[in-house]
Structures are given as C-alpha cells and as structure tokens.
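Novice: Residues 32 to 321 (the working numbering) make up the sequence shown, in order.
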Amino acid sequence: MKKLGRNDPCWCGSHKKYKQCHMALDDKLRLLSMRGEEIPSHAMIRNAEQIEKIRESAKINTAVLDEVSKHIHVGMTTQEIDDIVYAFTTSHGAIPAPLNYEGFPKSVCTSVNNEICHGIPSDQVILKEGDIVNVDVSTIYNGYYSDASRMFCIGKVSPEAKRLVDVTKECLYKGIETVRPFSHIGDIGAAIEAHAKANGYSVVVEFVGHGVGIDFHEDPMVPHYGVAGTGMVLVPGMTFTIEPMINQGTASLYIDRENNWTSYTSDGKLSAQWEHMLLVTEDGYEILSK
Ligand SMILES: [Zn+2]
32 MKKLGRNDPC WCGSHKKYKQ CHMALDDKLR LLSMRGEEIP SHAMIRNAEQ
82 IEKIRESAKI NTAVLDEVSK HIHVGMTTQE IDDIVYAFTT SHGAIPAPLN
132 YEGFPKSVCT SVNNEICHGI PSDQVILKEG DIVNVDVSTI YNGYYSDASR
182 MFCIGKVSPE AKRLVDVTKE CLYKGIETVR PFSHIGDIGA AIEAHAKANG
232 YSVVVEFVGH GVGIDFHEDP MVPHYGVAGT GMVLVPGMTF TIEPMINQGT
282 ASLYIDRENN WTSYTSDGKL SAQWEHMLLV TEDGYEILSK
C-alpha cells in the first residue's frame, strides 16, 4: 500500500484530503492484513462519483429486465428476447455488454431448463409451457457496467421446477443478507450452500459472482459455496454480483462443444439462477440491479 500523507489527495480520486477520505479505512485494513485477513485492493473500492455512474448503468439494466418480464410468453423464441434487450438498451443510450464480449454473438444470455448459464438466444429455441428460463442482462452506460439476471416461469410449470426457482432466489437473498462492512466473502457462499443443500439441491462451483462496475468482470470472485468467516473482507464502495446457480441433481456440468459457451447439467436435470448486483454501503448493502 502506497504511503500517502494525511493532507495528500486521496488515492480514490475523490479530490478530498486523504485524512478526510479513505485514511481511516486503510489504517483498519492494514491492521486486518497483519492479522492474516485477506483485504480488498484499492482498485476494488469505488468513490462516490464512480458509484453514481455505476448506479445509473444499473438502473437501465434493471429496466431492461423489467421490459423482458413484460413481454416474455409461451411461444416466443429466445431470439425475440435478444431483440427486446438490444432495442431497449440501445434506445436508452446504452450498450448490451455481452454483445461481442470475447466473441459472444448476442446481447443477452437466455438459459432454458437444463442449461446452467450462457445460453445463446436463437430463433430455433421456442419457449414452451412449463419451461424455466434465466435471462441474464448486462449493460454498459457511459463506460460503466452493470449485471443482473432473473428466472422466468413460462406458463404453468411443474411444482418441482417452481420449487427450484423459488429456493434459488431464497439462496440469493440468504447470501445478500450477510453483506455488510467487514463481513467476509465466505459468509455469502456459506449461507447459499447451506440453504441449497438443506433443500436437496447442489451448487455449481465453476461459475462465481464477480466484481463489476468499472469493467464487466473484475475481482473479487464471489463463490456460491464456502466457509463463513473466510475469504476477502468486504468494505464500503465495493460493487459485485451474487448469482448462485443451483441444480436439481448433480452440480457437475459440461460446456457446449459447438458454441463453446453454453453450460448444461451433466444429468440433464434443471438448473436455476438469480443474480443481483450489490454495493457495500457504510452500514450494509444496496441492491444496484436486480
Ligand atoms: Zn478516498
């Protein structure tokens, strides 16, 4: 950690004096680090101006999901979801973050039934009565990133599918409720894993939540399993996703050999996912996008 003078401008870019900004936090983190705790880097801590920009991006991201929820219905194709996301996002002066990201061909991920994540919208995939689908939306606005996903039940779904969707959302909220300054990332995963297992489900380990805001995928990684009291300490100004993928059967998965994106449950059983984007505040958390 670079040694700054008390009256130097703070490293966070706030233009405040260090002593009136992040000095007390740095002192506390230095102490925690000496005790063996894993602490966040400065790059993971956003200033007030950045948070406001990220919040604006996140508002559009939530509005995109609201727009999808208004129009999703039995008989539509996942390509039509992609069309809605692209049109709504761009008409609000924003960019769909997935489009052309590392070669991803569409504006949104649509993952149906046994697809865990990174399903690619297609005019060949028609949503039918009883399907469950995750729609994962990410937005760039004025250069700032946001990310959230929801499950949609298409028409009347089986009680088993409904229970998976509901318990997965409960898992997300169990994780969210642990978030506050100086809690640990392991608290999030431990809460999620306990609730999933208590319901007879498994937790996907290959995909994790992540820092987001300045870039699409940043540190820290946020696993949806773990041990309470372990992992990185959270501090105000961090922005990241929690996005548990919960499976009916085995946690094991495989990736589509043709598109190299879509992941599926190995046993063909259902998978569900809910994702919110969070800010750690001075006394807890704020949900930025959901
Ligand atoms: Zn500062």
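All C-beta atoms in this analysis are idealised placements derived from N, C-alpha and C, irrespective of residue type, glycine included.
Secondary structure at CYS202, three-state DSSP: helix, strand or coil?
Specialist: CYS202: helix per DSSP, three-state reduction.
Novice: With DSSP as the reference, please indicate the residues paired to VAL243 in a beta bridge.
Specialist: Note: VAL243 sits in no beta bridge, so no partner.
Novice: Along the chain, where does the alpha helix (DSSP H) that runs through VAL235 open and close?
Specialist: Note, VAL235: premise wrong, no alpha helix (DSSP H); not H, not E.
Novice: Could you confirm whether any beta carbon from chain D is found closer than 7 angstroms to the beta carbon of GLY161?
Specialist: Absence of chain D from the displayed structure is noted, only one protein chain being present.
Novice: Going by beta carbon distance, what residues of the same chain come within less than 6 angstroms of PHE119, once the five residues before and after it are set aside?
Specialist: So the qualifying residues of the chain are VAL95 and GLU98.
Novice: Tell me the DSSP bridge mates of VAL167?
Specialist: This sequence places Asp at residue 167; Val is not what is there. The partner list for ASP167 (beta bridge, DSSP) reads CYS140 and SER180.
Novice: For a test of the three-state rule: what should DSSP assign to GLU289, helix, strand or coil?
Specialist: GLU289 falls in the coil class under three-state DSSP.
Novice: Taking the beta strand (DSSP E) that THR272 falls in, what are its first and last residues?
Specialist: Counting along the chain, the beta strand (DSSP E) containing THR272 begins and ends at 270–273.
Novice: Are the CB atoms of PRO275 and MET263 nearer to each other than 7 angstroms?
Specialist: Their beta carbons are not under 7 angstroms apart, which means PRO275 does not touch MET263 by this criterion.
Novice: Determine the DSSP secondary structure at SER302, reduced to helix, strand or coil.
Specialist: It is a strand residue.
Novice: Among ASN92, SER177, LEU56 and GLU83, whose alpha-carbon lies nearest the alpha-carbon of PRO71?
Specialist: Comparing Cα positions, the closest option is LEU56.
Novice: Have a look at VAL243 and SER180 and give me their C-alpha separation to the nearest angstrom.
Specialist: The straight-line gap from Cα to Cα measures roughly 14 angstroms.
Novice: Could you pull out every unbroken alpha helix (DSSP H) segment of at least 4 residues lying fully inside the segment 62–138, listed in chain order?
Specialist: With a minimum length of 4 residues, the continuous alpha helix (DSSP H) runs that stay inside the segment 62–138 are 79–102 and 109–122.
Novice: Any heavy atom of ligand 1 closer than 6 angstroms to the beta-carbon of SER72?
Specialist: For ligand 1, not one heavy atom lies less than 6 angstroms from the Cβ of SER72.
Novice: Pull up the distance between the alpha-carbon of THR199 and that of ILE163, whole angstroms please.
Specialist: Cα to Cα, THR199 sits roughly 12 angstroms from ILE163.
Novice: Beta-carbon separation of THR170 and SER88 under 7 angstroms?
Specialist: Yes, Cβ-Cβ distance for THR170 and SER88 is below 7 angstroms.
Novice: Relative to ligand 2, what is the chain-ordered list of residues with a Cβ closer than 5 angstroms to any of its non-hydrogen atoms?
Specialist: Annotation note on ligand 2: not contained in the displayed structure, which lists ligand 1 as its ligands.
Novice: Looking at C-beta atoms only, is the number of pairs between the segment 37–55 and the segment 136–154 that lie closer than 8 angstroms three or more?
Specialist: No: the two stretches stay apart, fewer than three of their Cβ pairs being nearer than 8 angstroms.
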